[in-house]
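Asker:
Residue numbers (our numbering), protein chains in the order written: chain A, 126 to 451; chain B, 13 to 369.
(1) Would you report the Cα separation of residue 384(A) and residue 418(A), rounded to the nearest angstrom?
(2) Below 9 Å on C-beta distance, what does residue 348(B) contact in chain A?
(3) So, under 8 Å CB-CB, residue 144(B) and residue 103(B) are touching, yes? Tell me the CB distance rounded to an integer number of Å.
(4) Consider the Cβ of residue 354(B): report whether some Cβ of chain A lies at a distance smaller than 7 Å.
(5) If the cut is a Cβ gap below 9 Å, which residues of chain B does residue 395(A) touch?
(6) For residue 33(B), count neighbouring Cβ atoms within 10 angstroms of its own Cβ and tell me buried if that reaches 16, exposed if not.
(7) What's the gap between the Cα of residue 361(A) and the Cα of residue 201(A)?
(8) Along the stretch 114-130 of chain B, where does the CB come closer than 9 Å to a CB of chain A? Name the residues.
(9) Give the residues from the stretch 261-272 of chain A that approach chain B closer than 7 Å (Cβ to any Cβ), ordered along the chain.
(10) What does a CB cutoff of less than 8 Å around residue 159(B) pick up in its chain, not counting 5 residues either side in sequence?
(11) Does DSSP put residue 172(B) in a helix, a strand or coil?
(12) Starting from residue 233(B), trace the beta strand (DSSP E) in both directions and tell me its first and last residue.
(13) What's the gap between the Cα of residue 274(B) and the Cα of residue 180(A)?
(14) Helix, strand or coil for residue 25(B), going by three-state DSSP, please let me know.
(15) Write down every uninterrupted run of the alpha helix (DSSP H) in the stretch 280-310 of chain B whose length is 4 residues or greater and which is fully enclosed by it, in chain order.
(16) Residues of chain D with CB closer than 8 Å to the CB of residue 312(B), please, in chain order.
(17) Spatial neighbours of residue 437(A) within its chain, please: C-beta separation below 6 Å, excluding the five flanking residues on both sides.
(18) Would you tell me roughly how many angstroms separate the C-alpha atoms of residue 324(A) and residue 276(B), rounded to the nearest one?
(19) CB residue 258(A) to CB residue 214(A), shorter than 7 Å?
(20) Determine the DSSP secondary structure at residue 451(A), reduced to helix, strand or coil.
(21) Output needed for residue 155(A): all residues of its chain with C-beta closer than 8 Å, excluding positions within five of it in sequence on either side, in chain order.
(22) Name the one or two DSSP bridge partners that residue 46(B) has.
(23) Of all the CB atoms in chain A, is at least one closer than 7 Å to the CB of residue 159(B)?
(24) For a contact defined as C-beta to C-beta under 7 Å, what are the partners of residue 276(A) on chain B?
(25) State the CB to CB distance for the pair residue 263(B) and residue 231(B), rounded to an integer number of angstroms; the pair is presumed to be in contact (CB under 8 Å).
(26) Is it buried or exposed, residue 464(A), if we count other Cβ atoms within 10 angstroms and call 16 or more buried?
(27) So, for residue 31(B): in the same chain, excluding its five sequence neighbours on each side, which residues have a beta-carbon less than 8 Å away from its beta-carbon?
(28) Quick one: which residues of the stretch 356-380 of chain A get their C-beta closer than 8 Å to a C-beta of chain B? List them in chain order.
(29) Go to residue 202(B), then tell me how far its alpha helix (DSSP H) extends in each direction, as first and last residue.
(30) Are the beta-carbon atoms of residue 227(B) and residue 233(B) separated by less than 7 Å?
(31) Quick one: measure Cβ to Cβ for residue 354(A) and residue 330(A), integer angstroms, because I've assumed they're closer than 8 Å.
(32) Helix, strand or coil: which one does DSSP assign to residue 374(B)?
(33) Run through the DSSP bridge pairs and tell me what residue 331(B) is partnered with.
(34) Rounded to whole angstroms, what is the Cα-Cα separation between residue 137(B) and residue 98(B)?
(35) Based on Cα-Cα distance, which residue from 228(A), 359(A), 366(A) and 393(A) lies nearest to residue 261(A)?
(36) Under 7 Å Cβ-Cβ, which residues of chain B neighbour residue 191(A)?
Put into structure tokens, the structure is as follows:
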């Protein structure tokens, strides 16, 4: 078993699936001999050739449109948007075609594609590279939106995303691409989509998060434990379709919930979770549901980016606020 | 003096003039293949009969907004009749003739414009793309299909159509780049009908032809008289079989005219001179083919009368089928969203079935 980073887990999953399924191809800008700007496709072109690891012209709309066309004709394209900030030129194809293909043809055609994109702040990247706009895709019926938070979940969830018969937007929090290493067995075993992962059991408070914020949230849970507060930590992992049942089950036990996400607050996925709790978990709540999020302001350039993103301190403030309500 | 490092020309092809005469040498064999020409003529007339009826259905409240294909019959039948079943068609939204040639039923078209997704689960080849409204996005889907066929080593060709308006969109130009970069087996048809709703061809750009956009991207590109079924069908066959034989993609600009409003929701008299339309009616594809076939003794009034009756009957059968279909089941709002219904959506489905029954 290899001890690998999350970005290496992405590469390992791509390689496994390409090895075992001829219909899987990878395409995007610089994904070929260069191995991708984050090295997520490193070595794949050398191993599988340029017909299956396809460098595209510099045209994001083309990448998405080709993927839709290939997927509808029996291929399983895994497309890469070099950064999520460049994904907007692909949105037309994702919303108007990928998401609707099965429905509008009554299942005659389908669109089993994956659109991967590194996203989120924290690596001192230039403009347009640090936003977290996963909620845009979560709002679209017909898409799956999956966000890993560790090497093992990146491996298992990406395999599941490629095998899924419907389109998946797979967003990779690039701040944690190389944050830590984990033992991941390259055995081709996928992890279930559409379910939350409970990372830490607790009884006093539920912390709900996903992606890179899992790191700060787990750290906050450690600090809370020092204060004698037992926090349950849930990694949502698939933000659409959303597994509210696991979150509600946790809140039924703890009675308190803080939602943490890097994205702006307005219409963020946290709002959907809070609404779900208001609908089905209200009578189990001892305190208002709090959100710790990015601000509803433009993601700052890198000097100030860490001020924009939720910190352990901000998570603790919200946790303590809800704990004070008895 | 600078050195010329690139120059280009665009050839224009016409074999059948508006008054029904053959012109030029190197005539395609189709010009003397009267069985095929009569078939094409019959089908073009049937398509026009269908179109007229669809507009009538919309005007009487029995059909939603409908995009007419009036005047495009030769372009559409040239495309569809030149393709093989295993080839893939990625249409925009008014290429009914091409789709009929591929086995799509008239009732499928009515179902789609009649607000029913079952129209896109049509009787044509199961791998063909459905109607594509967002403009030009279908060009990239065709390119993706062509790339899939090429990677799998299948001798199949993807064919797509875009309008003169759609040729201004990035998707079209990106499809040209993809077709060129990957040497894709595909044909991109620009159905230049002179109008993008109310915006005339001259306002899209000042390029002499739209075909030359293909040349800019490295593709073989020609212009043909899209109201001349002989030229249009010949050009399609050449391009499709060339693509099948590994010669790469072709851009074909077919010159025609949108004799109708853009859709039934449009009124072209607001922005278009009637004199222009009168002139266009003298160029249209059906009359010139009839004149030609009649002039060589391959068509007559008796056949025309029989065809009219046959067309009316085919259309009326389709309309009956369409009107008899009824609404789809409530569950159909949910059941095709994903291969497997997610938990929350299953709950919404259950509640909808209870509340809306």
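Beta carbons are placed, not taken as given, at the ideal position from N, Cα and C, and that holds for glycine. Keep in mind that this is a model prediction, so the values were computed, not measured.
Answerer: By the coordinates alone:
(1) 8 Å
(2) 227, 228, 229, 230, 231 and 232
(3) 6 Å
(4) yes
(5) Chain B residues near residue 395(A): none, gap ~17 Å exceeds 9 Å.
(6) That one is exposed.
(7) 25 Å
(8) 129 and 130
(9) 266 and 267
(10) 190, 194 and 196
(11) strand
(12) Secondary structure note for residue 233(B): its beta strand (DSSP E) is the uninterrupted segment 232-237.
(13) 39 Å
(14) strand
(15) 286-293 and 297-307
(16) The structure shown contains no chain D; the protein chains it does contain are A and B.
(17) 341, 344 and 345
(18) Whole-angstrom Cα-Cα distance: 57 Å.
(19) no
(20) coil
(21) Within the same chain, residue 155(A) has close Cβ partners 161, 162, 180 and 207.
(22) According to DSSP, residue 46(B) bridges with nothing at all.
(23) yes
(24) Result: empty, since nearest Cβ-Cβ is about 26 Å, beyond 7 Å.
(25) Here residue 263(B) really is in contact with residue 231(B); their C-beta atoms are around 5 Å apart, less than 8 Å.
(26) Past the boundaries of the shown model lies residue 464(A); chain A is included only from 126 to 451, so the question cannot be answered.
(27) 300 and 303
(28) Answer set for the stretch 356-380 of chain A: 366, 367, 368, 369 and 370.
(29) Where residue 202(B) is concerned, there is no enclosing alpha helix (DSSP H), although the beta strand (DSSP E) it sits in stretches over 198-204.
(30) yes
(31) 6 Å
(32) Absent from the structure is residue 374(B), since the part of chain B shown begins at 13 and ends at 369.
(33) For residue 331(B), which the question treats as bridged, DSSP gives no partner whatsoever.
(34) 8 Å
(35) 393(A)
(36) 152, 155, 156, 159 and 190
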